[in-house]
Amino acid sequence: DYDFVAIFDADFQPTPDFLKKTMPYF
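This note's numbering puts the last residue of the sequence shown at 1147; the count rises by one with no breaks.
Right under this line is the structure:
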């Protein structure tokens, strides 16, 4: 079981640390 799921659009290319930077806001 997971608390969060990340779904990205096909043309979105996040940086490797994208989730580490955004998860503290949730």
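Where a beta carbon is used, it is the ideal one built from N, C-alpha and C, also for glycine. Source: prediction; values computed, not measured.
8 Å CB neighbourhood of residue i in its chain, flanking five on each side removed
i                  : result
phenylalanine 1125 : Met1144 and Phe1147
Rounded separation between residue i and residue j - CA only
i                  : j               : result
glutamine 1134     : lysine 1142     : 15 Å
alanine 1131       : proline 1137    : 16 Å
phenylalanine 1139 : isoleucine 1128 : 12 Å
Contacting residues, own chain, Cβ-Cβ under 7 Å from residue i (five flanking each side not counted)
i             : result
tyrosine 1123 : none
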